[in-house]
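Numbering (the numbering used here), first residue to last: 11 to 105.
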């Protein structure tokens, strides 16, 4: 798959009522891909901090990408972008 086709984009309007949407979307993405959130360390916490830092400056765009080796999240707001990456534990190969 090409990056353009395997990226999920969430556009979040400015305002506190929408503050949790990026984290909820991450949870749904992990569930769809059957990724244990525990294997990603502090990605959800880092995402919450990044969206809080950029909130209030305008609408946010959050791009999520899942590969075999990592989960990547890019949070963009007016004039600023935060890139978050968490490595994935490889699936054990059957013997």
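Here a beta-carbon is modelled for each residue, glycine too, at the ideal position from N, C-alpha and C. Only a predicted model underlies this, so the values are computations on that prediction, with no experimental measurement involved.
Asked	Found
8 Å contact criterion, which residue 88 and residue 57 should meet: CB distance rounded	About 18 Å; that fails the 8 Å criterion.
Boundaries of the beta strand (DSSP E) in which residue 87 is found, first to last residue	80 to 87
For residue 96, the three-state DSSP class (helix, strand or coil)	strand
Beta-carbon contacts of residue 43 that lie in its chain and below 6 Å, excluding the five residues immediately before and after	76
Within 8 Å, strictly: CB atoms of residue 40 and residue 47	yes
Opening and closing residue of the alpha helix (DSSP H) in which residue 63 lies	53 to 64
8 Å Cβ cutoff met for residue 96 and residue 72	no
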